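**Q** Here the sequence shown stands for residues 1204 to 1545, where the numbers follow this note's numbering.
Quick reminder that beta carbons are idealized off the backbone N, C-alpha and C, glycines included.
All of these numbers come straight from a predicted model, not from anything done at the bench.
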Amino acid sequence: MIDLLVAGGGPAGLVTALLAARRGLTVTVLEPRATPIDKACGEGLMPGAVELLSELGVQVPGLPFRGIHYADATRGVDALFRSGSGRSVRGLGVRRTALHANLVDAVTRAGVEIVPRAADTVAQDADGVRVAGMRARYLAAADGLHSPIRRQLGLQRPSRGPARHGLRQHYRVAPWTDLVEVHWTSGAEAYVTPVAPDLVGVALLTTARGPYNDHLDAFPALTARLEHPVGAVRGAGPLRQRVASRVAGRVLLVGDAAGYVDALTGEGLAVAWASAAELVACVAADRPAAYERRWRRASRRYRVLTGGLLWARNRPLLSRTIVPAAARLPRTFATVVNQLAR
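1) So, with DSSP's three-state summary, where would you put Trp1476?
2) Determine the DSSP secondary structure at Gln1542, reduced to helix, strand or coil.
3) At which residues does the beta strand (DSSP E) containing Trp1387 begin and terminate?
4) If we count the other Cβ atoms within 10 Å of its Cβ and call it buried at 16 or more, is Thr1219 buried or exposed?
5) In chain order, what residues of the same chain have a beta carbon less than 7 Å from the beta carbon of Glu1481, not counting five sequence neighbours either side?
6) Determine the burial state of Asp1275: buried for a count of at least 16 other Cβ atoms within 10 Å of its Cβ, exposed for fewer.
7) Does DSSP classify Val1398 as helix, strand or coil?
8) Since I believe Ala1460 is in contact with Ile1352 (beta carbons under 8 Å), could you give me their beta-carbon distance rounded to a whole number of angstroms?
9) List the whole-angstrom C-beta distance separating Val1457 from Ser1478, where the pair is believed to meet the contact cut-off of C-beta under 8 Å.
10) For Leu1419 and Pro1400, I'd like the C-alpha separation in whole angstroms.
11) Under three-state DSSP, which class holds Gln1355?
12) Please state the DSSP three-state secondary structure of Val1218.
13) Per DSSP, which residues does Ser1291 bridge with? Please list them.
14) Can you give the Cα-Cα distance for Ala1343 and Val1209, rounded to whole angstroms?
15) With 8 Å as the threshold, decide whether the Cβ of Glu1384 is near any Cβ in chain B.
16) Report yes or no: do the region 1425-1444 and the region 1315-1331 share at least 3 C-beta pairs separated by less than 8 Å?
17) When burial is assigned at 16 or more other CB atoms within 10 Å of the CB, is Pro1214 buried or exposed?
18) Could you tell me the boundaries of the beta strand (DSSP E) in which Ala1501 lies?
19) Are there three or more Cβ pairs, one per stretch, closer than 8 Å when the region 1390-1409 is compared with the region 1365-1376?
20) So, helix, strand or coil for Asp1459, using DSSP?
21) If you draw a straight line from the alpha carbon of Val1376 to that of Leu1382, how long is it in whole angstroms?
22) Give me the Cα-Cα distance between Ala1224 and Asp1281, rounded to the nearest whole angstrom.
23) Report the partner residues of Ile1205 according to the DSSP bridge assignment.
24) List the DSSP bridge partners of Ala1391.
25) Answer yes if the region 1503-1511 comes into contact with the region 1234-1252, meaning at least three C-beta pairs across the two stretches below 8 Å, and no otherwise.
26) Is the CB-CB distance between Tyr1273 and Trp1387 below 8 Å?
27) So what does Arg1371 bridge to, in DSSP terms?
28) For Asn1416, count the other beta carbons within 10 Å of its own beta carbon; 16 or more makes it buried, fewer makes it exposed. Which is it?
29) Tell me, to the nearest whole angstrom, how far the beta carbon of Gln1359 is from that of Val1325; I am working on the premise that it is less than 8 Å.
30) Do you know how far the Cα of Leu1348 is from the Cα of Lys1365?
31) Where does Leu1350 land, buried or exposed, given buried means 16+ other C-beta within 10 angstroms?
32) Kindly indicate which residue of Val1436, Phe1536 and Val1297 has the alpha-carbon position closest to the one of Pro1378.
33) Where does the unbroken alpha helix (DSSP H) through Pro1267 begin, and where does it stop?
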């Protein structure tokens, strides 16, 4: 019987598998989709996520970025990344497909088998879990934002507040800055990430429904820079996912399956990978019940800061003050960004 079966071969599941293999655990990944897997996301890795990839020996192609730029129609403000010692650090804009392909290569080199099979009914007893015809001591559910395993185990909870969705399109244009830009309007944000010398990704987050280009028209200064759309528009949502618990017996939830606040602050992968390290530590120690507390600790900064910003975003009078406040208090803005970048 293997130690850990990972259901879901996206970035959260693959990093969970890599970390488990490094701890000497036997691990197998279930993923029915072909490599590489694409997804509607901002494609910006925060410095903490870049550092973890380096520690794991995973090299991915992309463009470094120095920080975050917030802007509305009349003003803008920069927040540059700094380490705890004050030195400059960088994030990395990288195509989701490139990230996934390189993680798959790293998992394969580590001797982890990826089985092209979907997770089905989860059955567990005092000694292990059985799913998709395989048995393991533990199951890590990394099956995404709308996790079927989470729903199957009765861990899904109703979400509150307006439902937000994400849409992403690439454009064949040279990046005009080495920052990730976040453009604000009354009803949406546009996230511009440089991902290659001739390519940027533009992700839109909004509570409104409608075609991508209709939402993009709300950002005339941005649209003036964009030309030559590449590939199809991808969408995801609703983003907010509330979860009763990250642990159900020998099943542990990780990544988006463990619950999601919003993509507003762009640190989803960094939090997912930090949580994966906690999950693996709990499995190695044979203490699954400790994972809930450790997950809460690992994700607390993200949940508090993102939740607070989202709360303000969903209130029209407060929402219009976010960028002006950041511009008036640039040091405070930089401090918040660097808290999220770890």
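**A** To lay it out plainly:
1) helix
2) Of the three classes helix, strand and coil, the one that applies to Gln1542 here is helix, per DSSP.
3) Val1383 to Trp1387
4) buried
5) Tyr1494, Arg1497, Trp1498 and Ala1501
6) Under this definition Asp1275 is a buried residue.
7) Assignment of Val1398 by DSSP, reduced to helix, strand and coil, places it in the strand class.
8) Contact between Ile1352 and Ala1460 holds, since their C-beta atoms are separated by about 7 Å, short of 8 Å.
9) 6 Å
10) 23 Å
11) helix
12) helix
13) Arg1285
14) 5 Å
15) Note that chain B does not occur in the displayed structure, where there is just one protein chain.
16) Touching, no.
17) buried
18) Counting along the chain, Ala1501 falls outside any beta strand (DSSP E), though it belongs to the alpha helix (DSSP H) covering Tyr1494 to Arg1516.
19) yes
20) helix
21) In this structure, the alpha-carbon of Val1376 lies about 15 Å from that of Leu1382.
22) 39 Å
23) Answer is Ala1339, bridged to Ile1205.
24) Thr1409
25) Taking 8 Å as the limit for Cβ pairs, the verdict is that the region 1503-1511 does not touch the region 1234-1252.
26) yes
27) Ala1406 and Arg1437
28) exposed
29) For Gln1359 against Val1325, the beta-carbon gap comes to about 14 Å, at or over 8 Å, which does not count as contact.
30) Strictly speaking, residue 1365 in this sequence is Pro, with Lys absent from that position. Inter-residue distance for Pro1365 and Leu1348 is about 17 Å (C-alpha atoms, whole angstroms).
31) A small fix is needed here, since residue 1350 is Ser in this sequence, not Leu. The residue in question, Ser1350, is buried, as its Cβ has 16 or more Cβ neighbours within 10 Å.
32) Val1297
33) It is not in any alpha helix (DSSP H) - Pro1267 instead sits in the beta strand (DSSP E) that spans Leu1266 to Phe1268.
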